[in-house]
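In the working numbering, the protein residues as written are 721 to 1157.
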């Protein structure tokens, strides 16, 4: 017990960094064997995070909609949130285009062939995406288990993928219904609040696995990839990491300063969410940590955060949906020797800013978004396959940028609307685990 209590007394971020460094060393020493030995540890961690995400969002959104009614207009908060989603996405596209134009990552000698496993993805129409937000079976949205008809016409259970947007939609309807019924469902409102608290406590338990999960994920990644696959595209990797870093450090810091908030305190508070996003490469997996970070560490109103963070994890993608497609377009234009016109730059800008909303909830968002943007700008799609071999490495930084933006916007809106506890923000804790309330 003394060993466990001593471990928990170490600051959360230090434990995660230790897991990252040790994982990289073990992966480098053991090579591919590291994935066999330690990969399951990382897989287990990501699975645990995904396990809690749907029920956490479901109860939190119901509770949030009911609580926000009468305190702040849900429409007003939603409008401000969407506005900042668009503004930050536009700035992200500008950063991606600027870095690509200045660094010219596509100018060089490339001898790598298109990965055989890559194929251009099917891009769903905006109408299809909007229709998918409304669940035909809410239990399928919650569990990924629905029904289908077999060859004989018999209806059977079928497993599939759960989706977060239909969950948010259905939970919001339940929350509005609770508000409408008022005193007649007081006990239900109380039960929903209690279930939300239970899921928050379970989240704390799972988050204590983060250092071990980080160790397993990084050991498997370094052991599997090494540095060989990165060398042919080192310039593109460097350009993407630099663009994302500039967007996080310069753009986000500027927005925080414009709101009278300290960037250092913000980054200290959201560090756990950024770390989990980087090692897991999943906005969905990082969502519970992000929600916990901005409420407990930075003082964002819990009810508003429960609405904004899950929404952001679905449609707010500065890394995957804005920087990456813009940088891809410039890279491919340089690689193929096709000079971009002013009209193409404009098309890339518009497609990147708006396209992420049209591909919300689609698996492999970055590749889908790149396909949308390249198609709009009339650039060859096949070259995206060159980047497929190193997508896992690229996705780490893209996802961290996504999640940082998903935490930034609620902080900005909370500051504008008086839903930010500035005392908590100034204290800026960086712990999100069991030992925190």
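Beta carbons are placed, not taken as given, at the ideal position from N, Cα and C, and that holds for glycine.
Exercise. Do the segment 805 to 812 and the segment 1041 to 1048 touch if we need at least three Cβ pairs shorter than 8 Å?
Worked result: Between the segment 805 to 812 and the segment 1041 to 1048 there are three or more inter-stretch CB-CB distances shorter than 8 Å, so the stretches are counted as touching.
For this session: Give me the Cα-Cα distance between residue 759 and residue 1019, rounded to the nearest whole angstrom.
Result: Approximately 35 Å, taken between the alpha carbons.
For this session: Answer yes if the segment 988 to 995 comes into contact with the segment 1051 to 1070, meaning at least three C-beta pairs across the two stretches below 8 Å, and no otherwise.
Result: With the cut-off at 8 Å, the segment 1051 to 1070 and the segment 988 to 995 do not touch.
Exercise. Could you give the C-beta distance for residue 1073 and residue 813, rounded to a whole number, given that I count them as a contact under 8 Å?
Worked result: Approximately 6 Å separates the beta-carbon atoms of residue 1073 and residue 813; this is inside 8 Å, confirming the contact.
Problem set entry | Residues near residue 765 by beta carbon distance below 6 Å, same chain, minus five either side | So the list reads 929 and 933, once near-sequence residues are dropped.
Exercise. From residue 968 to residue 1117, what distance separates their C-alpha atoms?
Worked result: When rounded, the separation of the alpha-carbon atoms in residue 968 and residue 1117 is 11 Å.
For this session: State the CB to CB distance for the pair residue 960 and residue 785, rounded to an integer number of angstroms; the pair is presumed to be in contact (CB under 8 Å).
Result: Actually they do not touch by this definition, with Cβ atoms about 37 Å apart.
Exercise. To which residues does DSSP link residue 1020 through a beta bridge?
Worked result: Looking at the DSSP assignment, residue 1020 forms a beta bridge with 1140.
Problem set entry | residue 1154 versus residue 926: straight-line alpha-carbon distance, rounded | Its pLDDT being 49, under 50, residue 1154 is placed unreliably in this model, and the value from its coordinates should be taken loosely. If you draw a straight line from the Cα of residue 1154 to the Cα of residue 926, it is about 9 Å long.
Problem set entry | Other residues of its chain near residue 1048: CB distance less than 6 Å, five sequence neighbours each side excluded | The residues are 1090.
Exercise. Thinking just about the alpha-carbon of each residue, which of 955, 1123 and 859 is nearest to the one in residue 1050?
Worked result: Nearest to residue 1050 by alpha-carbon distance, out of 955, 1123 and 859, is 955.
For this session: Quick one: using the 10 Å Cβ neighbour count with 16 as the cut-off for buried, is residue 781 buried or exposed?
Result: Residue 781 is buried by the Cβ-count criterion.
Exercise. What does a CB cutoff of less than 6 Å around residue 1128 pick up in its chain, not counting 5 residues either side in sequence?
Worked result: Same-chain partners within the cutoff: 972.
For this session: Starting from the C-beta of residue 770, find all residues in its chain whose C-beta is less than 7 Å away, skip the five residues before and the five after it, and write them out in chain order.
Result: If we look at residue 770 and ignore the five residues flanking it on each side, its Cβ neighbours are 1004 and 1005.
For this session: Go ahead and label residue 740 buried or exposed: buried means 16 or more other beta carbons lie within 10 angstroms of its beta carbon, across all protein chains shown.
Result: Residue burial annotation: residue 740 is buried, with at least 16 other C-beta atoms found within 10 angstroms of its C-beta.
Exercise. Mind checking whether residue 1135 and residue 981 have CB atoms under 8 Å apart?
Worked result: Taking 8 Å as the Cβ cut-off, residue 1135 and residue 981 qualify as a contacting pair.
Exercise. In the segment 941 to 998, which residue ranges form an unbroken beta strand (DSSP E) of at least 3 residues, counting only runs that do not cross its ends?
Worked result: Listed in chain order, there is nothing to give.
Exercise. What residue from 920, 798, 787 and 762 has the CA that sits closest to residue 899's CA?
Worked result: The shortest Cα separation from residue 899 among 920, 798, 787 and 762 belongs to 787.
Exercise. If you run the structure through DSSP and keep just helix, strand and coil, what is residue 858?
Worked result: In the structure shown, residue 858 sits in a helix (DSSP, three-state: H, G or I).
Problem set entry | Collapsed DSSP secondary structure at residue 1050 in the structure displayed | Residue state for residue 1050 is assigned as helix, using DSSP reduced to three classes.
For this session: Return the first residue and the last residue of the alpha helix (DSSP H) that residue 1008 is part of.
Result: For residue 1008, the uninterrupted alpha helix (DSSP H) segment begins and ends at 1003 to 1012.
For this session: Using 10 angstroms around the beta-carbon of residue 727, count the other beta-carbons present and answer buried if the total reaches 16, otherwise exposed.
Result: Residue environment for residue 727: exposed (fewer than 16 other C-beta atoms within 10 angstroms of its C-beta).
For this session: Tell whether a beta-carbon distance below 8 Å holds between residue 804 and residue 1133.
Result: It is a contact, given that the beta carbons lie within the stated cut-off.
Exercise. Are the beta-carbon atoms of residue 966 and residue 1131 separated by less than 8 Å?
Worked result: For residue 966 and residue 1131, no; Cβs fall outside 8 Å.
Exercise. Which residue from 1037, 1008, 977 and 859 puts its Cα closest to that of residue 889?
Worked result: Minimum Cα distance to residue 889 is reached at 859.
For this session: Rank 1093, 783 and 1015 by C-alpha distance to the C-alpha of residue 910 and give the top, closest one.
Result: Closest by C-alpha distance to residue 910, out of 1093, 783 and 1015, is 783.
Exercise. Roughly how many whole angstroms lie between the Cα atoms of residue 1141 and residue 938?
Worked result: Spanning the alpha carbons of residue 1141 and residue 938 requires a straight line of approximately 35 Å.
For this session: Whole angstroms is fine: what's the gap from residue 1083's alpha carbon to residue 998's?
Result: Note that residue 1083 scores a pLDDT of 46, beneath 50, so its modelled location is shaky and nothing firm can be said.
Problem set entry | Outcome for residue 1016 when other beta-carbon atoms lying within 10 angstroms are tallied against a minimum of 16 | It is buried - the Cβ of residue 1016 has at least 16 other Cβ atoms within 10 Å.
Exercise. For residue 1010 versus residue 762, is the C-beta distance shorter than 8 Å?
Worked result: It is not a contact, given that the beta carbons lie outside the stated cut-off.
For this session: Go ahead and pull the three-state DSSP assignment for residue 917.
Result: Residue 917 carries a helical assignment under DSSP once its states are collapsed to helix, strand and coil.
For this session: Leaving aside the five residues before and after residue 662 along the sequence, list all residues of the same chain whose C-beta is less than 6 Å from its C-beta, in chain order.
Result: With the chain covering only 721 through 1157, there is no way to say anything about residue 662.
Problem set entry | Through-space distance from residue 1031 to residue 1098, alpha-carbon basis | Rounded to the nearest angstrom, the two C-alpha atoms are 31 Å apart.
Exercise. Between residue 752 and the rest of its own chain, which residues show a CB-CB distance below 7 Å, the 5 nearest in sequence each way excluded?
Worked result: If the five residues before and after residue 752 are omitted, its C-beta is found closer than 7 Å to the C-beta atoms of 943 and 944, all from its own chain and listed in chain order.
Exercise. Is residue 682 helix, strand or coil when you go by DSSP?
Worked result: Given that the chain is displayed from residue 721 to residue 1157, the structure contains no residue 682 and the question cannot be resolved.
Problem set entry | 4 or more residues per run - each alpha helix (DSSP H) lying fully within the segment 765 to 827 | Fully contained in the segment 765 to 827 are the following alpha helix (DSSP H) runs of length 4 or more, in chain order: 794 to 823.
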